[in-house]
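So the structure is just underneath, and the comments pick up after that.
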Amino acid sequence: MLVLFVWFFRSNRTRTAALPIREGIWVRPLADGVGEVLSVPLFVVGISKGDFVSYRASAGEGRFSKLLSARGHSTLRLIFFREDAEVRVRRELEQLGCEAEAGPIQSLLAVDVPPEVDYRVVHGLIDRESAKAILDYEEACVAREHR
Numbered sequence: 078m079l080v081l082f083v084w085f086f087r088s089n090r091t092r093t094a095a096l097p098i099r100e101g102i103w104v105r106p107l108a109d110g111v112g113e114v115l116s117v118p119l120f121v122v123g124i125s126k127g128d129f130v131s132y133r134a135s136a137g138e139g140r141f142s143k144l145l146s147a148r149g150h151s152t153l154r155l156i157f158f159r160e161d162a163e164v165r166v167r168r169e170l171e172q173l174g175c176e177a178e179a180g181p182i183q184s185l186l187a188v189d190v191p192p193e194v195d196y197r198v199v200h201g202l203i204d205r206e207s208a209k210a211i212l213d214y215e216e217a218c219v220a221r222e223h224r
């Protein structure tokens, strides 16, 4: 396994420039400079678990180059406003067949929706919880199969 570092930019609301941020993502090397994403991205948009990506390797690390093939997974990011709801919603998502990974920010979850999971059901659950002001969400990467 290899840790792939993906650089991305988030705008800073107090400054005009975007800030470069680095996220480590686990990748299983498949060929020279090609790997499969094994973890659920917490911050990066446009790639999901299972995708094939290219990278440049150096000193046991990799630096993301580009997405080669989307493999049908979608990624959602959830931020919870009520701690008591996080465990319940996470359990419900896992019962639907999703995987959730906690982030370095308290109450942040990255959710993997595999291709075989009905995205409408997952989205319905998230929408209901959002309407109750329990959480907010972002669709970081929606697979063609889930549109």
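Numbering follows our numbering, in which position 70 of the sequence shown is assigned residue number 147; successive positions increment by one, without gaps.
We treat Cβ as the ideally placed atom computed from N, Cα and C, and that holds for glycine.
Fair warning: this is a prediction, and the values are worked out from it, not measured in the lab.
Three-way DSSP call (helix, strand, coil) for residue i in this model
i	result
residue 164	helix
residue 119	coil
residue 92	Residue placement at residue 92 cannot be trusted, given a pLDDT of 49 that sits under 50; what the coordinates show is reported in the next sentence. Reduced to three states, the DSSP call for residue 92 is coil.
residue 202	helix
residue 193	coil
residue 155	strand
Same chain, Cβ closer than 8 Å to residue i, neighbours up to 5 away in sequence not counted
i	result
residue 108	none
Closer than 8 Å to chain D by CB, residue i
i	result
residue 120	In the structure shown, chain D does not exist; there is a single protein chain.
Proximal residues to residue i (C-beta, below 6 Å), its chain only, five neighbours per side dropped
i	result
residue 115	103 and 105
Close-in-space but distant-in-sequence residues of the same chain around residue i (CB under 7 Å, 5 per side omitted)
i	result
residue 167	177 and 186
Supposed contact pair residue j and residue i - C-beta distance, whole angstroms, cut 8 Å
i	j	result
residue 208	residue 118	Residue 208 to residue 118, Cβ: 26 Å. No contact.
residue 188	residue 153	4 Å
residue 212	residue 156	6 Å
Counting beta carbon pairs with one atom in the segment 127 to 140 and one in the segment 195 to 211, are three or more of them shorter than 8 Å? no
Three CB pairs or more closer than 8 Å across the segment 168 to 179 and the segment 189 to 199: yes
Count Cβ pairs between the segment 151 to 164 and the segment 178 to 197 that sit closer than 8 Å; are there 3 or more? yes
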